[in-house]
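First comes the structure, then the notes that go with it.
2 protein chains.
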Amino acid sequence: MSKFAKRISNMESSAAVVKRLFGAMNDPEIISFGGGAPAKEALPVDIIREITNDIMRTEKRGIEALQYGPVLGISDLRDVVVNDLLAPKGVNAKSDNIVITSGGMEAINMLCQLYINPGDIILVESPSFVHSIEVFEMFQANCIAVGMDEKGMDTEDLEAKIIKYNPKMIYVIPTFQNPTGITLALERRKKIAELGSKYDVIILEDDPYRDIRYSGSDLLPIKAFDRDGHTILANSFSKIFSAGSRLGYILADDEVVNKLFDIKTATNSHTSMLPQILCAEFFNRGFYSAHHKMICDLYRERRDTMMECIDKYFPEGTKRTTPDGGLFMWVELPKGINTTELLAESVADAKVAYVAGEGFYVERGGKGNNCMRISFGSVAPEKIRIGTERLGKLICSKLG
Amino acid sequence: MSKFAKRISNMESSAAVVKRLFGAMNDPEIISFGGGAPAKEALPVDIIREITNDIMRTEKRGIEALQYGPVLGISDLRDVVVNDLLAPKGVNAKSDNIVITSGGMEAINMLCQLYINPGDIILVESPSFVHSIEVFEMFQANCIAVGMDEKGMDTEDLEAKIIKYNPKMIYVIPTFQNPTGITLALERRKKIAELGSKYDVIILEDDPYRDIRYSGSDLLPIKAFDRDGHTILANSFSKIFSAGSRLGYILADDEVVNKLFDIKTATNSHTSMLPQILCAEFFNRGFYSAHHKMICDLYRERRDTMMECIDKYFPEGTKRTTPDGGLFMWVELPKGINTTELLAESVADAKVAYVAGEGFYVERGGKGNNCMRISFGSVAPEKIRIGTERLGKLICSKLG
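Chains as they are written, first to last, in the working numbering: chain C, 694 to 1093; chain Z, 694 to 1093.
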């Protein structure tokens, strides 16, 4: 049979990791702290029905929803990004610099199409988001890990690795990071933007969680400190509107947007029209503000419950992060517990799923094998209690 | 500034061709025979409102529409492809072998991700669809033209070029081809499938127009003659349901689908859920049959009007195709008329747009520069009459 392209064997390791370390997401008997899906209570079903019903009554808008549309996205939605999402966070942008994508993952994919040649180096946080690593490997990049602490990516280690490896791109999830929930400190955001310019490296700032902050104060994105276009911001509507709609966006300079026009054309012509229109109307009809407050309250309660339960049920010596937003918490168990090995038993016997930590480390070799990513966003508080108690018991039993 | 990837300079020539030879599509004053959009009358606006209203009333289905979904597409829609679109055309398939994509272009993109290394040869029809060529160039393939006549791709020339160039892939639009409207003869379909197996070449059969046949009889797709998985079928819902929904599909063997799972994950996680559900319900609630008849009647009338008007208004020596379906007709003007040069004048003075022929030839060098692609699908008959009369006058004036 015809051989697959070289890039396919490149992505096999991370794809296999994903398949091995996730899993059991959809079994209704399992309490899953695994997936990164938003809570079902956070999905605006009734609002969407109302908006759809209304826009499809007008012939003009109905046709707009079903006909081919603009490559870079509808102007209404690009304006929403500028006026409702970026401006209130201190980022000045023009809607001509916004590209609507089919979700945040497509933004990563398109920026790899634009920048990555086989063999290019991408610096990533240690740990980093496994699905982005999968995209980078598909584009035959070599990912090198940069250390992080409770303030996010270590900028001294970053600069040293820029000098050592001459990377093409730095990939960073600055806010309520996936998988750790850690937020990059303000002075480091500024520093990373400066390093991008100083060393002529693209900063890919992937910020899909920033709008779900339920404690602490907003921080300016790295993009706000960018003086010459080296930082490109990618974001998603998955957590604040609807994951299944597959809507995201890129903020970049004119020259980059110009090239992304061709890449988007050659990816899927444009993003699906009805979801774009529904999302724009969701903001323009004023639904976002109350919805946003509701989902932040919901996730805050779940985070609080999760922290309380981990502290209560997990063994002594367990460390966990304290996320100020987003959906994830990172748990480091006492040495000797291998979370990859524990997963099958956890799913089969305790009926609890999580994502084993080692898959998030591009270093491989067992790093993070006593860690787990705990997603609390899609689990109701009472199930968080039951699930953590069961999981905690299982872990304690292993310590003997 | 950071350099773009090598593939970006590769795709610049076809991207520039597209921008130069299309254009003026959206000016409401212009009668446009340019774009490939379906007729607005062919978009099921009222049906979609009714279905949306209904499915979003149920909490379960409403959440399904807004939450993350399966990578390869929802099972309802994969079943629709198998039972409603493939089985009636003589193709037996299992829904496990269907991958739902965000439109037909994404199917082409994903199959390039799977198979194409930089420098690989892809054989294409002469002329072929310019946006697919753009994708192939983004993946740094070299496209080589294979001759075609009124029965489609010339299989003798194809075999000679397979032997000469050792291609990775053969790209063919067998039914009501874009840009010519020509349909590949049955015996050639069989032959192409055999050549794929004999020489171990992937046949990418791109068949988005096949379901809009309004005269003549259905022909089996190339895929129906495939014995060992060398032929992969790509299709789209853009012409039979809605272009703006960005829905398409791939039919391929297990091993290929397995790899496409990883590629789709690393492209955009999955295709937007609400459009998938609406499309599946459109079929499952029985709307397709009457809608299909309506759009075929509509396009047949437009084709008939277009043929009559070209014969009436265009100069002696003009040749045109007689498509049995689809949206396009190919017109070859007498030598001496350069359609690329004429386009600006046609748009500015005659207020008529078309796509100049030479952009569809990967050979470049002016081939097809007396040809034009005429899209009649989205223009009402009375405007077809006015537009062809104006365009015909302009062309005749050039012949002196």
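Quick reminder that beta carbons are idealized off the backbone N, C-alpha and C, glycines included.
Chain Z within 8 Å of residue i, Cβ atoms only
i: C/Glu827; result: yes
i: C/Pro968; result: yes
i: C/Tyr992; result: no
i: C/Met831; result: yes
i: C/Met987; result: no
i: C/Lys861; result: yes
i: C/Met1000; result: no
C-alpha gap between residue i and residue j, whole angstroms
i: Z/Ile915; j: Z/Arg742; result: 37 Å
i: C/Glu849; j: C/Ile855; result: 10 Å
i: Z/Val784; j: Z/Asp772; result: 13 Å
i: C/Gly755; j: C/Leu971; result: 11 Å
i: Z/Arg996; j: Z/Pro867; result: 19 Å
i: Z/Ile863; j: Z/Leu816; result: 5 Å
i: C/Ser962; j: Z/Glu948; result: 27 Å
i: C/Glu1038; j: C/Asp769; result: 49 Å
i: C/Ala800; j: Z/Met798; result: 17 Å
i: Z/Asp1097; j: Z/Val792; result: The requested residue 1097 of chain Z does not occur in the structure, where chain Z is confined to residues 694 to 1093.
i: Z/Val738; j: C/Tyr942; result: 27 Å
i: Z/Arg1083; j: Z/Ala1043; result: 6 Å
i: C/Ala732; j: C/Glu1075; result: 14 Å
i: C/Arg939; j: Z/Gly1085; result: 45 Å
i: Z/Phe1053; j: Z/Ser1068; result: 14 Å
i: C/Glu1051; j: Z/Gln833; result: 35 Å
i: C/Arg1078; j: Z/Thr751; result: 29 Å
i: Z/Asn871; j: C/Lys1060; result: 53 Å
i: Z/Phe822; j: C/Glu852; result: 46 Å
i: Z/Phe976; j: C/His824; result: 34 Å
i: C/Glu1025; j: C/Asp720; result: 26 Å
i: Z/Asn1031; j: Z/Ala1049; result: 9 Å
Neighbour flag for residue i against chain C, beta carbons, 8 Å
i: Z/Gln760; result: yes
i: Z/Leu807; result: yes
i: Z/Asn802; result: yes
i: Z/Met704; result: yes
Within chain Z, the residues that residue i reaches when beta carbons sit closer than 7 Å
i: C/Val738; result: Met749, Glu752, Gly755, Ile756 and Leu759
i: C/Phe697; result: Leu807, Tyr808 and Lys952
i: C/Asp904; result: Neighbours of C/Asp904 on chain Z: none; closest Cβ ~17 Å, over 7 Å.
i: C/Ala786; result: Within chain Z, no residue comes near C/Ala786; the closest Cβ sits about 19 Å away, beyond 7 Å.
i: C/Ala708; result: Asp955
Neighbour list for residue i in chain C, Cβ cutoff strictly below 7 Å
i: Z/Glu799; result: Thr960 and Asn961
i: Z/Ile701; result: Leu807 and Lys952
Proximal chain D residues relative to residue i, where beta-carbon distance stays under 9 Å
i: C/His824; result: Protein chains in the displayed structure are C and Z, and chain D is not among them.
Under 8 Å by beta carbon: chain C residues contacting residue i
i: Z/Arg742; result: Thr745, Asn746, Met749, Arg750 and Gly755
Contact set between residue i and chain Z, taken where Cβ atoms lie within less than 8 Å
i: C/Lys733; result: Ile756 and Gln760
9 Å Cβ cut-off: residues of chain Z touching residue i
i: C/Gly796; result: Asn961, Ser962, His963 and Ser965
Contact set between residue i and chain C, taken where Cβ atoms lie within less than 9 Å
i: Z/Ala730; result: Gln760 and Tyr761
**OP:** Would you list, in sequence order, the uninterrupted alpha helix (DSSP H) runs of no fewer than 4 residues that lie entirely inside the segment 790 to 854 of chain C?
**Re:** 797 to 808 and 823 to 831
**OP:** Using a Cβ-Cβ cut-off of less than 8 Å, give me the residues of the segment 864 to 896 of chain Z that come near chain C, in sequence order.
**Re:** Asp893, Val894 and Ile895
Original post:
Curious, which full-length beta strand (DSSP E) runs of at least 3 residues does the segment 865 to 931 of chain C contain?
Top reply: 895 to 899 and 924 to 929
Subject >> Start-end ranges of the beta strand (DSSP E) lying completely within the segment 1013 to 1087 of chain Z, minimum 3 residues >> reply: 1021 to 1025 and 1064 to 1068
**OP:** Below 7 Å between beta carbons is the criterion; list the residues of the segment 1038 to 1056 of chain Z that meet it against any residue of chain C, in chain order.
**Re:** none
Original post:
Mind listing which residues of the segment 910 to 943 of chain C have their C-beta closer than 9 Å to chain Z's C-betas, in chain order?
Top reply: Asp921, Gly922, His923, Ser931, Phe934, Ser935, Ala936, Gly937, Ser938, Arg939, Leu940 and Gly941
**OP:** Jot down the residue ranges of each uninterrupted alpha helix (DSSP H) in the segment 719 to 758 of chain C, minimum 4 residues, whole runs only, in chain order.
**Re:** 738 to 748
Original post:
In chain order, which continuous runs of the alpha helix (DSSP H) of length 4 or greater are located wholly inside the segment 975 to 1016 of chain Z?
Top reply: 981 to 1006
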